[in-house]
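Okay, structure first, notes after.
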Amino acid sequence: MIKIEGLEKMSSSQKLAYAKLLLRGQLEIESNFRALEANASAILMAVLDDLNWAGFYWVEGNQLVLGSFQGLPACTRISYGKGVCGSAWKENRSLRVEDVEAFPGHIACDSASRSELVIPLRKAGRVVGVLDLDSPLLNRFSQEDQEALEGFVEILEEALD
């Protein structure tokens, strides 16, 4: 059981550091990647403020396929280069979108989402999946958030086999 305490006293940067610490702790006690992936999305949803969706999509052929997540039911498949997730995969870089309505080709899996951050997961330099975070707030994700969450993803990448 993961015990999450004291969040109300933490700043945003402290919460991001705490999320990484919790994930690192999971890597020490669990080797099953599916379990790690599931707890990674749960950690983010529990620790970070103002999220309405946190989860993963995994490369399967020319599509991203839904993995573990927290939030409302989501799109199960996203094509290469489509939406924020598919674009982050194609461009092999993180994409931080302040207003999803202004993103060309945005895929609205949850109509409440207003901003989004997508971070690729890589194995041997090749994108194998993405972490997708959605918020009901415009401009929810800062550069600091992006950098810290890229560090979170790097921890998870250590467990990719």
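Mapping of the sequence shown onto numbering that gives the first Met the number 0: residues 0 to 160, in sequence order.
No residue lacks a Cβ here, since even glycine has one placed at the ideal position from N, Cα and C.
Could you check which residue in the options has the C-alpha nearest to that of residue i?
i: V152; options: G85, A107, V126; result: V126
i: Q13; options: L47, A39, F102; result: L47
i: P119; options: R139, I154, C108, S141; result: I154
i: Q145; options: L71, R92, P103; result: R92
i: L136; options: A16, L50, A41; result: L50
i: G60; options: S67, I42, Y79, A45; result: Y79
i: G85; options: L26, R23, V117; result: V117
Identify, in the order they occur along the chain, each residue of the same chain with its Cβ nearer than 8 Å to the Cβ of residue i, setting aside the five sequence neighbours on each side.
i: E156; result: L120, R121, K122
i: N138; result: E97, D98, S114
i: D109; result: N51, W52, G70, L71, A73, D133
In whole angstroms, what separates the C-alpha of residue i from that of residue j?
i: D98; j: L132; result: 13 Å
i: G82; j: I106; result: 5 Å
i: E149; j: A158; result: 15 Å
i: A37; j: G128; result: 14 Å
i: S112; j: E100; result: 9 Å
i: R76; j: F55; result: 11 Å
i: Q25; j: P103; result: 37 Å
i: E27; j: L15; result: 19 Å
i: D167; j: M9; result: Past the edges of the chain, shown from 0 to 160, lies residue 167, and the structure says nothing about it.
i: Q62; j: E4; result: 38 Å
i: S141; j: L43; result: 16 Å
Determine the extent of the alpha helix (DSSP H) in which residue i is found, giving its start and end residues.
i: G150; result: 142-156
Over what stretch of residues does the beta strand (DSSP E) that includes residue i continue unbroken?
i: S30; result: No beta strand (DSSP E) holds S30; DSSP gives it neither H nor E.
i: G124; result: Looking at the DSSP string, G124 is not in any beta strand (DSSP E), and its letter there is neither H nor E.
With a threshold of 7 Å on Cβ separation, who are the neighbours of residue i within its own chain once the five nearest residues in sequence on each side are excluded?
i: E143; result: S12
In chain order, what residues of the same chain lie with their CB nearer than 6 Å to the CB of residue i, ignoring the 5 residues before and after it?
i: A87; result: L94, V117, P119, V129
Write down every uninterrupted run of the beta strand (DSSP E) in the stretch 42-118 whose length is 3 residues or greater and which is fully enclosed by it, in chain order. 52-59, 62-70, 76-78, 94-96
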